[in-house]
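Residue 64 in this note's numbering sits at position 74 of the sequence shown; the count goes up by one each step and never skips.
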Amino acid sequence: MNPHAAANYLRTKVFTATPEQLQLMLYDGAIRFAEQGKAALVQKNYEVSYNALSRAQKIITELQCGLKHDLAPELCGKLAALYNFVFRKLMEANIQHQSEAVDEALSILRYQRETWVMLLDQLGKAKAGKAATTIDMPAPDAQMEARIRMSA
């Protein structure tokens, strides 16, 4: 794919995404860059690993900045601690060239992503149920049921 077209596609995807989808995209990006960094560490390509792990760290910082401590202080405190741990592990991997530290960060990021996907699924079902109860549909009458039987 043309790099310019890919950049335009990504830009459109980001600008049209819901906040929930953006959060998922951040998890995906952090995982992708951490995996790239780990692969580069294994190959002893430290410049590439530094760049990839640094990008993952920037995404973790973005996740931390997006926490709304005023809305859910206890939950945000726990998430902030997780993000701090992941950030430290990525930094440790970058400085000490340890792929094991990336593995620890990745396990948490993958778990968080999986949890987020399950939450989005539950939110989607709840929104669909709520929308279904607000639709103003007429009750079926005898004529309508007869048409349904004839078409079946």
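Ideal Cβ positions, reconstructed from N, Cα and C, are used throughout, including at glycine.
Inclusion of Gly19 and Asn84 in the CB contact set at 9 Å is not warranted, their separation being larger than that value. Rounded to whole angstroms, the gap between the alpha carbons of Tyr40 and Arg103 is 23 Å.
Excluding residues up to 5 positions away in sequence, Ala91 lie with their Cβ nearer than 6 Å to the Cβ of Glu82 in the same chain.
9 Å or more divides the Cβ of Val76 from the Cβ of Ala62. Following the DSSP letters along the chain, one finds Thr8 in no alpha helix (DSSP H), marked with neither H nor E. The distance from the Cβ of Leu57 to that of Leu69 is about 6 Å, consistent with a contact at the 8 Å cut-off.
Pairing Gly67 with Leu16, the inter-Cα distance amounts to about 19 Å.
Closest by C-alpha distance to Leu43, out of Leu31, Ser97 and Leu109, is Leu31. About 7 Å separates the CB atoms of Ala24 and Leu99; that is less than 8 Å, so the two are in contact.
Per DSSP, Ala62 is not a residue of any alpha helix (DSSP H), being assigned neither H nor E.
For the options Pro(-7), Glu37 and Asn74, the alpha carbon positioned closest to that of Glu52 is the one of Asn74.
Ala46 and Lys115 have their C-alpha atoms roughly 31 Å apart.
Annotation: Asp93 to Ala29 spans about 11 Å, alpha carbon to alpha carbon.
For the pair Gln88 and Ile21, the Cα-to-Cα distance works out to about 17 Å. Between the alpha carbons of Leu65 and Thr6 lies a distance of about 27 Å.
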